[in-house]
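Have a look at the structure below, then the notes.
2 protein chains.
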Amino acid sequence: MARYGGIDLGGTKIQAVVVDEAHEVLGSSRLPTPTTGGPADVTLAMIESINVALEDAGVPRSELVAVGVGSPGVVDDAAGTVTSARNLPDWEGTYPLGEKLGAAFDAPIALSNDVNVATQAEFDLGAAKPFRSILGVFWGTGVGGGLILDGKLWEGRGGAGEIGHMVVKKGGAQCPCGRIGCMEAYAGRKAMETEARRRHDKGEKTVLFKLMKERGRDRLTAGIWDRALKHGDKLAQEIVDRAYGALGAGVASAVNLLDVEAVVIGGGVGIKLGETARDRLAEEMQPHLFNDDRPPAVLMAELGDLGGAIGAALLVARA
Amino acid sequence: MARYGGIDLGGTKIQAVVVDEAHEVLGSSRLPTPTTGGPADVTLAMIESINVALEDAGVPRSELVAVGVGSPGVVDDAAGTVTSARNLPDWEGTYPLGEKLGAAFDAPIALSNDVNVATQAEFDLGAAKPFRSILGVFWGTGVGGGLILDGKLWEGRGGAGEIGHMVVKKGGAQCPCGRIGCMEAYAGRKAMETEARRRHDKGEKTVLFKLMKERGRDRLTAGIWDRALKHGDKLAQEIVDRAYGALGAGVASAVNLLDVEAVVIGGGVGIKLGETARDRLAEEMQPHLFNDDRPPAVLMAELGDLGGAIGAALLVARA
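Quick note, the sequences are listed as chains R and H, same order.
Just so you know, we're using this note's numbering here: the first sequence kicks off at 1 and counts up by one.
Just so you know, we're using this note's numbering here: the second sequence kicks off at 1001 and counts up by one.
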């Protein structure tokens, strides 16, 4: 029987799935992304992630016919390379990821952009199944966007979907990317943490950093933000509200330009905040929608955390 | 011989062309849009515009095989109707424009959105000929956008291209559309005039309104803005600079989302300010482009004022 592997390569974790020909998940795994060692060590962890998922599925490695990978950075599938993968250790240059994984599994490897594969998975199997044209909004450390227009992934010249760097406030806050006024400067988890730290250092009260310490974390994870909101933490609520405002303006701008049928929200923060995130996004979009009598459907990503890995497996399982 | 008519229906003027099978313009006309009388009187002026263009071309009406129309408002080609055409007199409801024109010319009529036909014309015959994916930016009373993706007009659910209502400054200026922070709130000719009047009424000096009076106009036309800039008028320059800033942020946002190959700038103000507009747009986009090492080509519309009418003729000449 033919089995397909999918790997979602993230800055903090590597997730893998093994699926069958019907795209059913047979097994999965989740490993921390190595923080040192460069691309070679990351590649070893990726190989391990598939092996653990095969074990979880009870599938022998001989049945694995191909592996798909969703990766950050500049992905060149034809060349089998990934260049300047953000948030990955020492991955500034170009690394022949396809060749290395292909040798390890003795199987063809397909590479694609992480956000695009997650969008494709929601389109094929998840929340966006009823639609032909969608915008995927992946709200995590940054804010990534994926576009499917009339049933086909839209990549432009290879760099489309940078929704996080749409300008929502000219002359506004500085984005982690260095530019000014990007949506991500308000809504990205990283930017939200910077803002929380700035206001905390100025003496404002918040449970955010206390929760971080208690959980032994070195950053404000989506779970910590969620917990702080449930505590009624005022500072956390204000920063999250600001994020919703920026997401609403930016996503509405994208809808005014493209008039897609549906918006699917996912990503680490989006999934953690769940239906509240979906409802608040729809609410904050509304005043900025030009065709406000027929807003797009706003939907929660259905495949959750595994969406990226499933989408990566689809890269090869569909072919 | 088969000849095709094209009509660009605008808020201040109606332009028409007659083209041959090679899309060559044989004759043209330009009439003021009636300011009273409603859709019926506008339709009579549209019929007249084609008759004048036929005369200009020396083409007998018997050779006219079809007429295309680019119209503002909500255009339904299948139904042959135009609804809520902005800036046209008493055109709030739905008017059977296709049927009326069809009866007058005894020929098939095709209707489409004014901005889309102008974008298509630049793509087929104008500045964007070398490209497959473009964004047309029509800078006039408002700011309209047209998208061609992989060679095909992208209309979404029928309302795509509202680039003027992408948010560039959350919490910023009020747009003539009533919303807050739209690109058009800074860059539309109408909004620019409102801002000039506000500052003039507060006592700031400008030649804008003096030029308007001298020319016997009741609004600040693109020509008046151009003249004031050449006079070195400080207030005019500041308002135009603000418009370039908003256009740069908004168009860069669209490029970050879609990664098109080229941006074509046209429209009444864009064409009047010419190469300066093109260069300033490219300059103001640059700091907001995520893939800033390979910006899209930024080009001046080549078909000028007649682009809309030529595009409208293409609607039928291509079929």
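Yeah, the Cβ is synthetic: ideal placement off N, Cα and C, and Gly gets one too.
Which residues in the same chain as residue 1166 of chain H place their Cβ atom closer than 8 Å to its Cβ, once the five residues preceding and following it in sequence are excluded?
Excluding sequence neighbours, residue 1166 of chain H sits near 1182, 1183, 1250, 1253, 1254.
Report the rounded CA-to-CA distance for residue 116 of chain R versus residue 196 of chain R, giving the unit in angstroms.
Straight-line spacing of the CA atoms in residue 116 of chain R and residue 196 of chain R works out to 30 Å.
Where the segment 1247–1271 of chain H meets chain R: residues whose CB sits under 8 Å from a CB there:
So the close ones are 1249, 1250, 1252, 1253, 1254, 1256, 1257, 1258, 1259, 1260, 1261.
From this set, H:1207, H:1298, H:1309, H:1231, which residue's C-alpha is nearest residue 1131 of chain H's C-alpha?
Measuring from the Cα of residue 1131 of chain H, the nearest candidate turns out to be H:1298.
Please classify residue 218 of chain R: is it buried, with 16 or more other beta-carbons within 10 angstroms of its beta-carbon, or exposed?
The residue in question, residue 218 of chain R, is exposed, as its Cβ has fewer than 16 Cβ neighbours within 10 Å.
On the DSSP letters alone, give me the boundaries of the beta strand (DSSP E) that residue 1040 of chain H sits inside.
Per DSSP, residue 1040 of chain H belongs to no beta strand (DSSP E); it is in the alpha helix (DSSP H), 1038–1057.
State yes or no: is the C-beta of residue 1142 of chain H nearer than 8 Å to some heavy atom of the ligand ZN?
As presented, the structure is devoid of all ligands, the ligand ZN included, so that no description of it is given.
Below 8 Å on C-beta distance, what does residue 1245 of chain H contact in chain R?
Listed along chain R are 170, each with a C-beta nearer than 8 Å to that of residue 1245 of chain H.
Is the Cβ-Cβ distance between residue 1246 of chain H and residue 170 of chain R less than 9 Å?
In this structure, residue 170 of chain R lies closer than 9 Å to residue 1246 of chain H by Cβ.
What is the rounded straight-line gap between the Cα of residue 1143 of chain H and the Cα of residue 1058 of chain H?
Cα-Cα distance, rounded: 36 Å.
Within chain R, partners of residue 1287 of chain H - CB distance below 9 Å
Neighbours of residue 1287 of chain H on chain R, chain order: 179, 180.
I need the straight-line Cα distance from residue 120 of chain R to residue 1271 of chain H, nearest angstrom please.
If you take the alpha carbons of residue 120 of chain R and residue 1271 of chain H, they lie about 40 Å apart.
Indicate whether at least one CB of chain R lies closer than 9 Å to the CB of residue 1113 of chain H.
Look at residue 1113 of chain H: its C-beta is not under 9 Å from any C-beta on chain R.
Looking at chain H, is there any beta carbon in it that lies within less than 9 Å of the beta carbon of residue 163 of chain R?
It does; some Cβ of chain H falls within 9 Å.
Min CB distance residue 1166 of chain H to chain R below 9 Å:
At least one chain R Cβ lies under 9 Å of residue 1166 of chain H.
Around the Cβ of residue 1100 of chain H, are there at least 16 other Cβ atoms within 10 angstroms (buried) or fewer (exposed)?
Per the 10 Å Cβ criterion, buried.
So, for residue 273 of chain R: in the same chain, excluding its five sequence neighbours on each side, which residues have a beta-carbon less than 7 Å away from its beta-carbon?
Taking C-beta separations shorter than 7 Å and ignoring five residues to either side along the sequence, the partners of residue 273 of chain R in its chain run 226, following chain order.
Specify the secondary structure class of residue 1250 of chain H as computed by DSSP and reduced to three states.
Residue state, collapsed to three classes: helix.
Per DSSP, which residues does residue 239 of chain R bridge with? Please list them.
In the DSSP output, where bridge partners are listed per residue, residue 239 of chain R has none listed.
Listing by chain order, which chain H residues have their CB less than 7 Å from the CB of residue 29 of chain R?
The premise fails here: residue 29 of chain R is roughly 32 Å from chain H at the closest Cβ pair, so nothing lies under 7 Å.
Taking DSSP's pairing of strands, which residues face residue 1113 of chain H in a bridge?
According to DSSP, residue 1113 of chain H bridges with H:1071.
Proximal residues to residue 1048 of chain H (C-beta, below 7 Å), its chain only, five neighbours per side dropped:
For residue 1048 of chain H, the CB contacts under 7 Å within the same chain, skipping 5 residues up- and downstream, are 1031 in chain order.
Could you list which residues in chain R have their beta carbon closer than 8 Å to that of residue 1149 of chain H, in chain order?
Around residue 1149 of chain H, the beta-carbon contacts reaching into chain R at under 8 Å are 149, 154.
Taking all protein chains shown into account, decide if residue 160 of chain R is buried (16 or more other Cβ within 10 angstroms of its Cβ) or exposed.
When all chains shown are included, residue 160 of chain R counts as buried.
Among R:139, R:174, R:206, which has the Cα closest to the Cα of residue 264 of chain R?
Checked all of R:139, R:174, R:206; the closest Cα to residue 264 of chain R is R:139.
CB contact check: residue 290 of chain R to chain H, cutoff 9 Å
Among the residues facing chain H, residue 290 of chain R is included, as its CB has a counterpart in that chain under 9 Å away.
So with Cβ pairs under 9 Å, would you call residue 1188 of chain H a contact of chain R?
Using a Cβ-Cβ cut-off of 9 Å, residue 1188 of chain H does not count as an interface residue toward chain R, since no Cβ of chain R sits closer than that to its own.
Taking only three categories from DSSP, how would you classify residue 1139 of chain H?
In the displayed model, residue 1139 of chain H falls within a strand according to three-state DSSP.
Residues near residue 1176 of chain H by beta carbon distance below 8 Å, same chain, minus five either side
Result list for residue 1176 of chain H: 1142, 1184, 1185, 1188, 1190, 1191, 1194, in chain order.
Grouping DSSP H, G and I as helix and E and B as strand, with all else coil, what is residue 1318 of chain H?
Three-state DSSP puts residue 1318 of chain H in coil, outside helix and strand.
Tell me whether residue 12 of chain R is buried or exposed, calling it buried when 16 or more other Cβ atoms sit within 10 Å of its Cβ.
Label assigned to residue 12 of chain R: exposed.
Can a CB atom of chain H be found closer than 9 Å to the CB of residue 197 of chain R?
Using a CB distance cut-off of 9 Å, residue 197 of chain R does not count as an interface residue toward chain H.
Which value, in whole angstroms, describes the spacing of the CA atoms of residue 162 of chain R and residue 118 of chain R?
Residue 162 of chain R and residue 118 of chain R: Cα-Cα distance of roughly 14 Å.
Close-in-space but distant-in-sequence residues of the same chain around residue 224 of chain R (CB under 8 Å, 5 per side omitted):
So the qualifying residues of the chain are 208, 211, 212, 215, 217.
Residues from the segment 1121–1146 of chain H in contact with chain R, defined by Cβ distance under 8 Å:
For the segment 1121–1146 of chain H, which is checked against every Cβ of chain R, the residues closer than 8 Å are 1133, 1145.
If I'm right that residue 1005 of chain H touches residue 1018 of chain H with Cβ under 8 Å, what's the distance once you round it to whole angstroms?
Rounded, the Cβ-Cβ distance is 6 Å, consistent with contact.
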